[in-house]
Every structure is written in structure tokens, then in C-alpha cells.
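Trainee: Handing you a structure now.
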Amino acid sequence: MAHPNPEDSHGDAAHGAHGDGHDDLYLVGHDGQLHPAYLQHHFVSAQQQFEASKLGMWLFLVTEILLFGGMFVAYSIYRAWYPSLFEDASLQLNTTLGALNTLVLLLSSLTVAWAIRGAQTDNRRVLFWNLIATVALAGTFMVVKYFEYEHKFHLGIFPGQSFEYAPGTTRVNGELVEGTRAVALLPAEEGAEHGAEGRDGGHEPTVGAVGQLQPAVPVESHDGRTEAIVLPPDDPGANLSPAEHVTGEGGTLGAEPHEAGEEHNEREGPIFSDPRAGVFFSIYYVMTGIHGLHVIIGMIAISILAYRSRKGVYSSVYYTPVENVGLYWHVVDIIWIFLFPLMYLI
Amino acid sequence: MYERTRFWEEGASFLLPPQGSTTAHEIDAVFWFITIASTILTILVTIAMVYFIVKYRRKSHADRPVLVHESKWLEVSWIVIPTLLVLVVFFWGFRAYVSTSIPPDDAYEISVKGQKWLWTFEYPNGFVSSGEVVVPVGQPIRFTMTSQDVLHSFFVPEFRIKNDVIPNRYSTVWFEAPREGIYQVVCTEYCGKDHSHMGAHIRVVSRSEFNDYLRNPPGANLPPAEIGAQVWETSGCRACHSIDGSTSTGPSWQGDWGAARPGSTQGTVNDEYIHQSILEPGAYITPGFQNVMPSFQGVLTDAQVNGVAAYIRVLNGAATAADTTMAEEAPETGAVPGAGPADPSQPAGLETGN
Amino acid sequence: MATLAAPRPASAPADTTRYPAGHEPVHNYLKEPKGIWSWLTTVDHKRIGIMYLISVATFFSLGGILALLVRLELFSVGPTIMGAEAYNRVFTMHGVVMVFAFIIPSVMATLGNFLLPLMIGAKDVAFPKLNLLSLYIYWGGMCFAIASIYTGGVDTGWTFYTPYSSSTSTAVLAMGLGVFTAGFSSILTGLNFIVTIHKMRAPGMTWNRLPLFLWSVYATSIVQILATPVIGITMLLLALERILHIGIFDPALGGDPVLFQHFFWFYSHPAVYIMILPAFGIISELMGTFSRQRVYGYRAVALSSVAIALLGFMVWGHHMFTSGQSPVSSVVFSMITFLIGIPSGIKVFNWVWTMYKGSVWLKTPMLYALSFLFLFTIGGVTGVMVGALAVDIHLHDTYFVVAHFHYVMMGGTVIAMLGGLYYWWPKMTGRLYNERLGQISAILVFFGFNMTFLIQFVMGSQGMPRRYYDYPDMPWLEPLHRISTIGSWILAAGLLCTLINGLWSLKRGKLAPGNPWGGATLEWTHATSPPDPHNFARTPLVTHGPYDYEVLFGAGGDGHSSGAPVPNVEVGGPQEAEKSIDDGTRQPT
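Line by line, the protein sequences are chains A, B and C.
Per my numbering, residue 20 is the first one in the first sequence, and the count goes up by one each step.
Per my numbering, residue 25 is the first one in the second sequence, and the count goes up by one each step.
Per my numbering, residue 28 is the first one in the third sequence, and the count goes up by one each step.
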């Protein structure tokens, strides 16, 4: 027998009667023997191929966990540095929608596991429809996510440098609302008044975020007061860096000193005033963004599985891809299970 | 221009610079121990290699492998002995690290700012100098450092001190120099174009000289043009501006006076233009150059800024009489625009007898 | 039953048209299938390995030229051939190209890909198509890198420290994307190799009979899959910082530039073990074969690879002793750094002792292996020096560190890789290289390398900082810089000799026998030179360890090759039944 080109497709096809009840295609390989069509030529046996595939997928998932792990580490560090900022910012996320998404993903894990069971028991209908259900649930997740993002963009919460609240956004009874413009000075930290006085230029910005090394020399300060931040109401594009707003001229444009509790619809809380609140949302967008990307990739993979299961490729003899994609999907779900409480609940 | 002349004295060797600080010898001791131990180890390995190569050289391709019994004791010994050596080195290094990184309580504090591409030093009384810092001999000095832009690192090879200089944070180094002299500072964290030209000098002088220095900072009793020359030399200007006409990061001061500056408010290089260039360099960029000059607001005194203008005039042959004669009144001591007067409650120098 | 008449290559007349009798491979992976398209779409691990080899060799040459330019600029105080901005880009690109385009894939993707299935008796790796995808991804990453170079390159140093890297106007984004992409190539290769070693070993190949090269490959693969995702996320965050200013590393926005260093080194320290562990594996093979003696302390060498891989994740902070991290963490990192030097030392001692009562054969691969032992020892002990806290304060970010890492990366990995290339060249190409030219190259490289880098230890401890375009504050160092530059020319000459040798041998080298060196691992005893596209006709049955050179003297053995027949599919008729296995797929006759 001529030595066939290893890159060619396998030799002649033959239908085998192998006693396993399957009408699968068996092919004649280079060495003159029959082997199942799904067995790749470099593997000695189907068992070896199955075990190798599973090990490979598990290793890949370990790398995925490390990828997200880096982001979780960044989150933990910043949370430790700016706890009140993070708490306040997480209040802006819609917990109901987040919980809904969690439920959706959990359900999709169930359906994908069910689909694997269908393959294992040669039940093509169960396999196919559960795969479809998984895709549908994943789609639901993305749609809900879309609405969440859209709401935030509406309020001006963009990642990174573009972070700002749209002018006039206030918190009314705990809800963020775009509405009439409100201007306020923040009460300064230690009970002093407003920082509406003019300042000379040339001073260093107040250094020392929570957790930073303490200055070894007294920083040139303005008699120990922290600065209040002023948001000029007519300047929607204002995006002051900390350095700027400490030394900023331009005064207060006629704002009144704030008295605590005066009006409900005044801005309150550090996230309206501290541009560093953008850090929370940046981490939020990066993590949920990368997670969303993984959901989309999973959707595509599961759709391909569904299509192929229609053609009868998977059976109790060979369902490795279904199992592996299912594993991937479970990890995507688990990552969300961690994301949700960290971002939304605490 | 400072040229190091000490090469072989004060603990220096082929491998190490002179020991300019009181703690350098501790670090050098660990260094030498590891170096010598490592050299011995390398030599032993090499000898073993050469011996085996010679003794067991292949005689013919029919050489059959000889059975060698693996000795557990040999394996154990070359695990245990290096481990012990390594632990000794670790503890010694750790102790030296602890003792050399904690500044004494009576350290005299100077605040240091690193920026692209120069170092600025601020004394407790408010006096600021850049490019050079003068400190008294035999007195622990602590530098508290921060960066104005990117990461830098403050390294004095002869003192064996180093620490990164980070924006929005403070880091410290300390030293006590037992001998007078000039010591080189270099930046050791890559920071861009002129990273290799970001040196500074530490001038160690006697206490009385130091006290005089603080009371009468340089340039106090000099003609403006000489003050300007000094500023060029020691305040970082020379890193980017030449005085011989050659183009560098910034325009050369030679040929500059009266040169046209199209588009600027002043139109040509005059006094006002020079003042603005020093205090607000970003306001106008000479065509053909980049906007990389840092501002010297708060860094140079009025006298120094005037001196630069005078010096430029001298370089261009346009000097006036006022440029080259001493001012009638002594300028304000330590005055830095915008910083307020030097705080009189702070000692201008060190008490003698400290 | 084909018998072997294997003439010694040295005594046979130079024959470039015919293989030694009995050694002709019937099917040569280099020639079948034909055509460039078949190469670009191959799933054959050997072809993929060769394509990687061509790619990394190209990038090594690019990085080398950049290095020569760096050294040329430093020849004299003051500008020599370029200005500061150009220099900053040149040294950065030298680092980036050498680290990410050359040395990280180097041994694993070239020799690892080629040898792994051959050494364990498999037909291919576990996921051949994934292997091809790895290659494509690597090329994709390199396209980004080339795009970055084309638009002026990067000037941040290969470490991309923020805030400089988040604010400079050079092509950081393209380069970061290149690194990000190439990282996936690394991950998939590692994944492939772990599964292959776990699941596809030939019968009889227990873990204790695994060649030490494969133990190293295994340990490296573990590091690759665990560490590389972290550089991925780091580059992604850097890109987002530049594009969106998310503020994670920017102090003005509340971020922390030192956090970047932690992220970066958490990958980049294990990365250096990715660089050196496969090199260790090569040295094991070379020392065994060219001493014709079992590698002393097999178990110690094997397990020390794994120990280094794991400990390597816990020492990243030793790059940051002066960064402002807490002294407590510095102490812990220093302690573990010292401990990680021990397994490396164990290996060196075991390799040297391998020659004891051996039969040492000083061919080119062995010359490189011996160079490695000397150079890596120096690199290793100087690593201990910079790991010592007090001393590192003085040496950090000086030329001392530059010399240290060149000793381990170049004096270690590159030298070992060259030795491995010379060793496996007959297997990969079916040709013998010119031995005299090889020996000349080994000597030139050794001498040139030491001249270039030994003096840099002195420069560093005298206070010369790294990444310096010029040294106006230390002009007395000029003679030392000159010595270093001249050394770099000698080093380049030696490397050029290797390149010439390789090209020459492809055209005019003698055709090689199956086992010119007398190795006892499967690629030498059971595969032709070059191998069949399928590697083996039948799955080999492993009955001896990888360094049991006694097998070369078995029935029919001649000291060079074992008595096993050259396993062509068709030479001499049906294969001996006892050398093949029945794996259940054979049709009953």
C-alpha cells in the first residue's frame, strides 16, 4: 500500500458494523486499519484523545482564571485604598439587574450541563434544545448588560478620562437622576468651611490618598484644611484633575456655602466630587467588558455545537467538544458569580 | 565641571568607588564577602570541569559507559553547603540593610524633587537650589524625595544610597559624609530623553561654611552675569542649552539675544521674553523645538533670573554695565518668588555644637 | 531484518549525495509534502518547529544588530552615532525584540516543538492544529511589533514602567498589543506540551524514564500557562490607560505606578525561568551524550526544574527593592530569591559530575555546553549578589544587573540553544555541519561574550547606571566601555560563523546517519535523520532509560547507534514484531 500523504484526508471511507449500535463512519487509516472518523491520526486511541482534550481544556481554563485574577487583584487593592468611594460607587449599579443576570447565567449553566447529559445518553433532541436554550440565556445576559451600560452612559459614566456625571445629575432618594442643575460646595472634611478663597499658585497638590506613604515632611497646606471641590455649573466639560482643582482659580461662581441637610437634591457623597471615582467604574467596565467578551465567544462556540449536533456529530461515543465547551461556560459563569457580589453587593 | 579624582583611596578599588559615607563600608563588606565566595565557587567548578575533561577524555568510540554509583552524601552535601552559605549571606545582607536604611533621629532634612531632567533641593528655611546641594560634613542628612512627573531614582554611588523617586509619594535616603568633597548624583530610573544628563552634585563642606552658605546663597555678592553663569552651570540649564551655539534640546544661548521669535508676545528675545521662558516655558515654544522645558517658578530667585538674562547678553556681546558690576543692595536672602519670605523662626543653618 | 553498517562520518569519504548505507530515510518530513502552501498550513510539529526557528533566528539577528548599535554609541563619551532619542528607542527595541520575539519562544517553540513527540515516542503533539494556531498567533504578534518599529519604535525600556509609558508619545500601543498577542502563542504552546507529556508517552516511558529535556519542557510549560495571562492583562491595562486614561497607574488620577511594576514582574520574573529552564534541559542532554554517561543525579535534576518553576512565582519583588515597596516584603522576596539559587546550583554540580568516569567528547555541542557551565555559574552567583538586600541598593539599575542578566540569558539560554542546534542539526536537517567552523564559533562566542560583559560588572559596581545614552558624569569609564564594545564585535563574529555554518551545511553538508552522536533517546534510536513525517512507523516500546548508553553496544550496536533497525516503513520488509505494539486498532489477519 502506497504511503499516503499525511496531510491528505483519510483514505477510503467504510461503514463499519462495530457492534456499538452506531452508524458512524469508520475510515481506513494509513496503516490499513479502521478507526473512527473522529479519531485524529496522531492519537493512539479514542480514549487517549478524550483524556487529552479534557486536560487541555482544564489547563486553558486555569489561564482564564489567572487573567481575571489579575483584575480581581487590582480591584482589591483599590478597594482597600478608597473604601468609601467604592461603596458609594457600587450603589450606582443596579443590583436588581445584576441579580437577574446572575440567575440567567446560573440557569444557562444548568442547560449546558443538561445538554452534555443529552449527548451522553444519545438524546439528540435534549442536546440540541438545551444548547439553544443556553445561547438564548446568554443572549439575555448580554441584553440586560446592554441596558445597564446604556443607563450609565446616559448619566455620563464613561470609563477612564471621560468619566463625569452629566451636568445636573443628582441623587434623588437614592436614585441617580438627570435633572435640574444643582450646585453645591462640599462640606470640608474636618469641619472647616468652604474653600472659596483665592489661593496663590505654586502650591503642591494635597498628596496622600488613603494608603499612600505618609509624607515625611509637612506638605505645604492651607492651614490644615482639605480642599473642597467646586464644580462650575456652566462647564459641562469640566474634568478637573486633583492638582487642578486644588489650585484652581475661577472661584465658585456665586455658590453659597452649604448647610448640611438643606436640600435633598444636592449632590452628596464622594463620587460626585472626587474624580478618582472613575477608578471604580474603570475597573467595572474592564472586568465586565472582558467578561462580556467571553460570554460572546461562548455563545458563538455553543451555536456551532448546536449546528453540528443537528448533523449528528455528537453521540455517547464522542461528545468531547460538548463537554469542553460546557466546562468553559461553567468557568465564565463562576467568574460572574465572583464579579456580582464584589461589584454590586458590597 | 566636577571630575572625580578619588579612585584608589578611601576604600575604593577596581570594583567599587570610594566610600563617601559612614555606612558604605557595611555594604562593601557584604559585597566583598559574596564576591570572594562566588569567585572561589566559580574557580572550583571550573577546575573540576577541566580536570574531568582532561582525565576522562574519550579515547575511542568503543568506550563503554562505566557504572557510577550515585552517592547520596555527595548530593546532600552540595545542597546543604550552598544553602548554609546562602543563609549566611542573606542574614548579613539583611542586617546591613536594616542598619543602613534607618536614618538617625537627628538627621537634617532636605526636600528633594526630581523632574525631567533635573534635581531640585529645598532646605528647611525655604531656600531652593537646583543641580547642586550643599551639606555639612559629619552630619546625618535625610533627603525626602518626590517626583514631579515620571519615575526617577536618586543614586549616589559613593554613598551607596539609592531610592526610586515616585510621583505623589515620598521616599527617603539618608547619609552622613565624614569627608568634605563633591559627590556625584545620578538618576537610575529611565525617565526619557535626558535621563543620562540628570546628574547633580552633593557638596560636602564644613559646618561654618554651610551656615554661611545658607545665610548667603550663591550669587548674593556677584555681578548679575556671573550669577547667570553659575545658574547655567549648576541649575540644570546646561543640560538643554548650550553656550557655544550648538543646538541641543533647547535653543543655544549663544546668538540668542535679540533673535526673532515670530508669534511670541515679545517678538524678539528680550528681558521679558527670557523671564517668561524661565517661569512659564510653555507659553511660547520656539519653532523647531519641543515643549519639554520645566518651569523654574519657585526654583530660581529673581536675582538668578535677572542673572540669566545678563549672562545671555554677555554671551552675545550685548552686555551693559549693570550686567557686569555688583548690585548696589544685597538681594533678599533665600527669597524665592511665590514662596513667601524664609521663615525667620527656622534656623538658617545648623547650630554649632550639634 | 536490516543490519546496520554505519561508517564513522569522519572516516567516510565526503558524500553529499548519499546517506550512509542503511540510513536513508524513505520519507523525509522536509520534502513531503511539497510546496510552500503545505508548509504554511502544516500540522506537522517538526515543520512548525522549523518555521519558528527561522522566525526567532531572524528576530535574534535584528536584536543583535540593535545591540551592536547600542554598544557602538557607548564607545565614546558624547554622541557617537546617534542622538539620545534614537538611542532610547534602540536600546528599548533591543530589549523588547530579544525578550518577546526571540528568547521567550526560542527553545520551547523550536527545539521543544521539534523534539517533544520524537522523544516520547508519539506521532505529534496532542493538539497539532492548536500548534499551528500558536505559530500564526506568534506571527500576528510580531506583525504588531513590526508595525511599532516601523512607526518609530518604543522608548520606554522593555519594562514599560508607568507613568513614562502611559504618557510617552512613542508607539507603545502597537508594541503592547504585540506582546499581548504573542503571549497567547506562549500559553497555547505550554498547554499543548503539558497534555502531550501527560497523555502521549510511549509504552514503557515512565516519568522516571523521561529525558531531562522533557522534564524541563514540562516545568517550563507550567510556568508559561500560569504566568503569561498576567502579562496579558498588564498590557491590556496599559493600553486602556493610554487610550482611556482609566487611571489605574496614573497618580494624578488616583492610580499607583508601582502597581504596574508588581503586575509586570509577576509575569516577567517567571518569564526568565521560561527562558532558562529549557536551556537547562538541553544541557542535560548534551552532558549525557557527550560524556556517554548517565546524567548524575537524574532525580535531583528533574525535580529541581519543577522546584524552580514553582519558586519562581514568589520572587518577583526582587526587581523592586528600591521601588518603595515595604521593607518587610523586600526581606521576604530576598529570602526566597536566595533559596531559588540552590536548585540551579544543584544542577550545575550534577552536570559537572556527569563527566566523572565518563568518555568526554569535545565536539561543538559539548564546547557550547561547557561554556554554558562556566558562564551560567557566573550569572548565577551574580544573581545571588543582586538578591542580597544591602548590596542591591548599590547595584540595582546599574550595569551590574545588565551584566548579570546577559550572563544568564545569553551565556545561559543562547549558548545552550546554540549547543542544542548543533546537536540536533543532523536530526532536523539530515546534514552534518562543518565541525571546524563550529569549534571556531564556540571559541569566538565564548571569548567575545566574556569580553563584552565581564567588564560590565565593574562598570556597574562603579556606579554606571543602565539605559544611559551617554556618561558625561563618569568619563573615566570610557576605556571600560570600549573594551565592552570591541568584545561585542568578536561575539558577533562568532555568531556569524554559526549562521554561515548552518547555511553552508544545508547546501553542502554531508548527509547524516541516524545517530551520529550516539545518543540513547528515542529521537536518535528510533527515527531517521531527518525523521519520517509520522516520526515512527509503529509506536516504540521503551525498555531503557534515556541515558542508558549501554544500549548502543547491544546486538548490532557499534557504539554509535543501537542495534535497533533504522525504522523506515519499507526498508527491509516488515518490522520486527517485538519492537512494535498492538494498540487495538490492528485488523486481525
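For glycine and all other residues, C-beta sits at the position ideal for the given N, C-alpha and C.
Within 10 angstroms of its Cβ, does A:A325 collect 16 or more other Cβ (buried), or is it exposed?
Mentor: Sequence index remark: in the first sequence, residue 325 of chain A carries index 306 (1-based). Buried, by the Cβ-count rule.
Trainee: Residues bridged to B:F199 by DSSP?
Mentor: Along the second sequence, one-based indexing puts residue 199 of chain B at 175. DSSP, once it has assigned bridges, lists B:I165 as partnering B:F199.
Trainee: Could you compute how far the alpha carbon of A:L112 sits from the alpha carbon of C:A94?
Mentor: As a first step, residue 112 of chain A is located in the first sequence; it is residue number 93 there, counting from the start. As a first step, residue 94 of chain C is located in the third sequence; it is residue number 67 there, counting from the start. Each residue's alpha carbon lies about 52 Å from the other.
Trainee: Can you pull the DSSP bridge partners for B:E146?
Mentor: Counted from its first residue, the second sequence places residue 146 of chain B at position 122. B:E146 is bridged to B:S135 and B:V152.
Trainee: Provide the residue span of the beta strand (DSSP E) that contains B:Q208, from first to last.
Mentor: Here the question's residue 208 of chain B lines up with position 184 in the second sequence. Segment G205 to C211, the beta strand (DSSP E) holding B:Q208.
Trainee: I'd like to confirm the pairing. Which residues does DSSP put opposite C:P492 in its beta bridges?
Mentor: Taking the third sequence and counting its residues from 1, one reaches residue 492 of chain C at position 465. C:T425, per the DSSP bridge assignment.
Trainee: Would you grab the beta carbon distance between B:Y207 and B:G44 for me? Rounded to a whole angstrom, and I think it's under 8 Å.
Mentor: Taking the second sequence and counting its residues from 1, the one referred to as residue 207 of chain B is at position 183. Taking the second sequence and counting its residues from 1, the one referred to as residue 44 of chain B is at position 20. Their Cβ separation, rounded to whole angstroms, is 5 Å, which keeps B:Y207 and B:G44 in contact under 8 Å.
Trainee: Starting from the Cα of B:C215, find the closest Cα among C:S193, C:E505, C:F211 and C:W242 and give me that residue.
Mentor: Taking the second sequence and counting its residues from 1, one reaches residue 215 of chain B at position 191. That would be C:S193, whose Cα lies nearest to the Cα of B:C215.
Trainee: Should C:F290 be flagged as near chain D, meaning a C-beta pair shorter than 9 Å?
Mentor: No chain D is part of this structure, whose protein chains are labelled A, B and C.
Trainee: Could you check the C-alpha separation between B:F320 and B:R239 for me, to the nearest Å?
Mentor: In the second sequence, counting from the first residue as 1, residue 320 of chain B sits at position 296. In the second sequence, counting from the first residue as 1, residue 239 of chain B sits at position 215. Going from the Cα of B:F320 to the Cα of B:R239 covers about 22 Å.
Trainee: Please report the distance separating the alpha-carbon of A:F300 from that of C:L101.
Mentor: For the purposes of this step, residue 300 of chain A is identified with residue 281 of the first sequence, where counting begins at 1. For the purposes of this step, residue 101 of chain C is identified with residue 74 of the third sequence, where counting begins at 1. For A:F300 and C:L101, the distance between alpha carbons rounds to 47 Å.
Trainee: Tell me which residue opens and which closes the beta strand (DSSP E) that A:K171 is part of.
Mentor: Locating residue 171 of chain A in the first sequence gives position 152, counting from the first residue. Careful: A:K171 lies outside any beta strand (DSSP E), inside the alpha helix (DSSP H) at R143 to L174.
Trainee: By DSSP, does A:T140 sit in helix, in strand, or in coil?
Mentor: Within the first sequence, residue 140 of chain A is the residue found at index 121, counting from 1. Three-state DSSP puts A:T140 in coil, outside helix and strand.
Trainee: Distance cutoff 9 Å, beta carbons only. Does C:P499 sit that close to anything in chain B?
Mentor: The residue given as residue 499 of chain C occupies position 472 in the third sequence. Answer yes: the Cβ-Cβ gap between C:P499 and chain B drops below 9 Å somewhere.
Trainee: When DSSP labels each residue in this structure, what does C:A198 get in the three-state scheme?
Mentor: Sequence index remark: in the third sequence, residue 198 of chain C carries index 171 (1-based). Here C:A198 sits in coil by DSSP.
Trainee: Against chain B, with Cβ distances strictly below 9 Å, would C:V152 count as a contact?
Mentor: Along the third sequence, read from residue 1 onward, the residue named residue 152 of chain C stands at position 125. With 9 Å as the cut-off, C:V152 does not count as an interface residue toward chain B.
Trainee: My output table needs one value for B:A224: the three-state DSSP class, helix, strand or coil.
Mentor: Walking along the second sequence from the start, residue 224 of chain B turns up at place 200. Strand, per DSSP.
Trainee: So, are the CB atoms of B:E146 and B:K140 less than 9 Å apart?
Mentor: The residue you call residue 146 of chain B lines up with position 122 of the second sequence. The residue you call residue 140 of chain B lines up with position 116 of the second sequence. Result no, Cβ atoms of B:E146 and B:K140 do not sit closer than 9 Å.
Trainee: Is there a Cβ of chain C sitting closer than 9 Å to that of A:Y101, yes or no?
Mentor: Stepping through the first sequence from its first residue, residue 101 of chain A is reached at position 82. So, interface residue.
Trainee: Kindly indicate which three-state DSSP category B:S177 falls into: helix, strand or coil?
Mentor: Position 153 of the second sequence holds residue 177 of chain B. Three-state result, B:S177: strand.
Trainee: Tell me the residue span of the beta strand (DSSP E) that contains B:K186.
Mentor: As a working note, residue 186 of chain B is residue 162 in the second sequence. Its beta strand (DSSP E) spans residues I185 to V189.
Trainee: In terms of residues, what are the limits of the alpha helix (DSSP H) holding A:P340?
Mentor: On the first sequence, residue 340 of chain A is found 321 positions in, with the first residue counted as 1. A:P340 -> alpha helix (DSSP H) spans T339 to F359.
Trainee: Give me, in chain order, the residues of the same chain whose beta-carbon lies closer than 6 Å to that of C:F207; leave out the 5 immediate sequence neighbours on both sides.
Mentor: Residue numbering aside, residue 207 of chain C sits at position 180 when the third sequence is read from its first letter. If we look at C:F207 and ignore the five residues flanking it on each side, its Cβ neighbours are G259 and M262.
Trainee: Could you pull out every residue in the same chain whose Cβ sits closer than 8 Å to the Cβ of A:F105, ignoring the five residues on either side in sequence?
Mentor: For the purposes of this step, residue 105 of chain A is taken as the residue at position 86 of the first sequence. Same-chain partners within the cutoff: Y97, R98 and F299.
Trainee: Given that C:M227 touches chain A, what residues does it touch there, using C-beta distances under 9 Å?
Mentor: The residue you call residue 227 of chain C lines up with position 200 of the third sequence. Correct list: H61, F62, V63, Q67 and A71.
Trainee: Alpha carbons only, please: which of C:M232, C:L265 and C:V222 is nearest the one belonging to C:I249?
Mentor: As a position in the third sequence, residue 249 of chain C is number 222, starting the count at 1. When only C-alpha atoms are compared, the closest one is C:V222.
Trainee: I'd like to check one pair, A:A93 with C:L264: are the Cβ atoms closer than 9 Å?
Mentor: Taking the first residue of the third sequence as position 1, residue 264 of chain C is located at position 237. Taking the first residue of the first sequence as position 1, residue 93 of chain A is located at position 74. A contact, by the Cβ cut-off of 9 Å.
Trainee: Is the stretch 80-91 of chain B close to the stretch 309-321 of chain C, with three or more CB pairs under 8 Å?
Mentor: The stretch 80-91 of chain B vs the stretch 309-321 of chain C: in contact.
Trainee: By DSSP, does B:D295 sit in helix, in strand, or in coil?
Mentor: For the purposes of this step, residue 295 of chain B is taken as residue 271 along the second sequence, with counting starting at 1. B:D295 falls in the helix class under three-state DSSP.
Trainee: What is the DSSP secondary structure of C:N562, counted as helix, strand or coil?
Mentor: In the third sequence, counting from the first residue as 1, residue 562 of chain C sits at position 535. Here C:N562 sits in strand by DSSP.
Trainee: Please go through the same chain and pick out, in chain order, the residues whose beta-carbon is closer than 8 Å to the beta-carbon of A:G345, but skip the five residues on each side of it.
Mentor: Position 326 of the first sequence, counted from the first residue, corresponds to residue 345 of chain A. Around A:G345: V131, A132, A134 and I135.
Trainee: Mind the definition here: the stretch 327-336 of chain B touches the stretch 271-286 of chain B only if three or more C-beta pairs lie below 8 Å; say whether that holds.
Mentor: Output reads yes: the stretch 271-286 of chain B touches the stretch 327-336 of chain B.
Trainee: For the stretch 88-113 of chain A, which residues have a CB atom closer than 9 Å to at least one CB atom of chain C, in sequence order?
Mentor: Flagged, chain order: G88, G89, M90, V92, A93, I96, Y97, W100, Y101 and L104.
Trainee: Should C:N55 be flagged as near chain B, meaning a C-beta pair shorter than 9 Å?
Mentor: The residue labelled residue 55 of chain C in the question sits at position 28 within the third sequence. Not one chain B Cβ lies under 9 Å of C:N55.
Trainee: What is the C-beta distance between C:I224 and C:L239, in whole angstroms, given that I count them as a contact (C-beta under 8 Å)?
Mentor: The residue you call residue 224 of chain C lines up with position 197 of the third sequence. The residue you call residue 239 of chain C lines up with position 212 of the third sequence. Contact doesn't hold; Cβ gap of about 13 Å is too wide.
Trainee: Counting only C-beta atoms, is C:A469 closer than 9 Å to chain B at any point?
Mentor: Against the third sequence, residue 469 of chain C aligns to sequence position 442. Chain B, which has no Cβ nearer than 9 Å to the Cβ of C:A469, makes this no.
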